[in-house]
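According to full-length UniProt numbering, the sequence shown is numbered sequentially starting from 1.
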Amino acid sequence: ILIAGAFASLVIIFGPHRKRKVGKWLNVRNWKLWDSWMRFVSYTVIQDLGDKEDDEGFSVDLWTEQAILSIIPHGIFPFGLGLAALPADAVRAFGLFRVVIASATNLFPIVSTVCSWLGAVDASKSSVNSALAAGDSIGLAPGGIAEMFEGYPKVGCEPNDEVALLMKRKGFVKMAIQHGLPIIPCYTFGATKMFKRLDLPLLEKISNFLRISLCIFFGKFGLPMPFRQHLLYVIGRPIFPPSLVENKQDVNVIVDDMHQKFIVELVRIFNKYKHSYGWGHKRIVLK
């Protein structure tokens with residue numbers, strides 16, 4: 001019985017029914033479920049290219065050009081990333097991209113199966129590299145699971161702090177340079193207000209060790225139903241990698257330079273649009 005149960009579990013988690021082509025056959029991306037969800041959560045998308053006279057101030061056509069879309073923040077649940085990938089209206093704004101998800105998602109068979117149908121990419125380095133090598137655009141939240149536990153009510157954080165876990169997160173920059181792809185910075189205003197959580201440092205340590213989200217959170221009426229929010233996506237100016245053939249600098253220097261440009265652009269779009277969103281009293285905190 002134990003062997004049969006273990007085999008059944010492996011089939012559920014890794015079986016052929018989870019393949020991306022099955023999702024296309026089932027037309028998962030066009031399910032009415034997503035439209036119903038978007039009647040609950042509304043959103044606006046703004047693209048701000050900054051100073052167009054700047055040499056790097058030109059846009060990327062997300063429909064025809066490959067890119068790495070970096071959506072910040074992660075939030076208790078990555079609504080910003082998920083909603084950008086699903087509804088038809090969002091796809092028209094962001095183009096088709098594959099969402100990078102934590103490997104621990106496999107522990108939740110139903111969720112992981114739907115994610116697989118939608119073409120999600122496991123967060124392992126090899127899987128992400130394979131997707132990029134195949135010509136796919138990807139979307140990710142650099143702060144990952146650890147970013148869930150940042151911000152108020154964490155000790156040392158203020159209610160008006162919006163935390164982005166970025167300072168040591170350079171893996172996505174290295175991949176952009178390796179594959180010669182631009183990084184598209186995107187800040188999602190309101191993503192951190194969909195749920196509230198209890199500050200339990202022990203759970204945070206266990207989550208980071210196991211790379212799985214163990215978080216006690218709640219939404220409307222104390223239920224796991226998100227608070228209603230209008231999300232504002234601000235897409236910033238793309239950050240282009242230099243050519244490694246022409247650039248004789250050390251690779252680490254190139255990574256640091258591109259990473260810094262990404263941070264500067266993220267801070268720019270946050271500070272520019274926080275007032276119009278009603279967050280003039282807030283500040284972005286980089287860790």
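Note that the Cβ used here is the ideal one computed from N, Cα and C, for glycine as well.
Query - Neighbour-count burial assignment, residue 110, 16 or more Cβ in a 10 Å radius - result: Exposed: under 16 other Cβ atoms inside 10 Å.
Query raised in the report: Which one of 99, 121 and 219 has the shortest CA to CA distance from residue 80?
Result: 99
**Report entry** Nearest residue (CA-CA) to residue 68, options 41, 178 and 117
**Finding:** 178
Query raised in the report: Of all the options 227, 185 and 222, which has the alpha carbon lying nearest to the alpha carbon of residue 60?
Result: Nearest of 227, 185 and 222 to residue 60, Cα basis: 185.
Report task. Express the C-alpha separation of residue 272 and residue 102 in angstroms, rounding to a whole number. Result -> Cα-Cα distance, rounded: 31 Å.
Query raised in the report: Would residue 190 be called buried (16 or more neighbouring beta carbons within 10 Å of its own) or exposed?
Result: buried
Report task. On a CA-only basis, which of 268, 136 and 114 is nearest residue 181? Give me that one, please. Result -> 136
Query - Close beta carbons around residue 152, own chain, < 6 Å, minus the five adjacent residues each side - result: 159
Report task. Please determine if the region 136-149 and the region 35-51 are in contact, where contact requires at least 3 C-beta pairs separated by less than 8 Å. Result -> no
Report task. Please determine, among 63, 108 and 24, the residue with the shortest C-alpha to C-alpha distance to residue 212. Result -> 108
Query - Of the listed residues 35, 21, 24 and 43, nearest to residue 232 (C-alpha basis) - result: 43
Requested in this report: Kindly list the residues whose CB is nearer than 7 Å to the CB of residue 192, restricted to its own chain and excluding five residues on each side of it in sequence; keep chain order.
Outcome: Cβ contact annotation for residue 192 (same chain, cutoff 7 Å, sequence separation greater than five): 73, 75, 151 and 162, in chain order.
Query raised in the report: If you draw a straight line from the C-alpha of residue 170 to the C-alpha of residue 225, how long is it?
Result: 33 Å
Requested in this report: Grab the span of the beta strand (DSSP E) containing residue 162 for me, first residue to last.
Outcome: 161-164
Query raised in the report: In chain order, what residues of the same chain lie with their CB nearer than 7 Å to the CB of residue 71, ignoring the 5 residues before and after it?
Result: Annotation for residue 71: 80, 81, 84, 139, 141, 186 and 188 place their beta carbon closer than 7 Å to its own, counting only its chain and skipping 5 residues before and after.
Query raised in the report: Given residue 157, which residues of its chain have a CB within under 6 Å of its CB, disregarding the five upstream and five downstream residues?
Result: 151
Query raised in the report: Taking residue 242 as the reference, which of 37, 31, 45 and 183 has the closest Cα?
Result: For the set 37, 31, 45 and 183, the Cα lying nearest the Cα of residue 242 is the one of 183.
Query raised in the report: From the DSSP output, which residues share a beta bridge with residue 44?
Result: 232
Report task. Alpha carbon to alpha carbon, how far is residue 252 from residue 290? Give it in angstroms, no decimals. Result -> A question about residue 290 goes unanswered here, because the residues of the chain that appear run from 1 up to 287.
Query raised in the report: With a CB to CB cut of under 8 Å and the five nearest residues on each side skipped, what residues in its chain are close to residue 275?
Result: Here the set comprises nothing.
Query raised in the report: On the three-state DSSP scale, how would you describe residue 182?
Result: coil
Query raised in the report: residue 122: buried (16+ other C-beta within 10 angstroms of its C-beta) or exposed?
Result: Buried is the call here.
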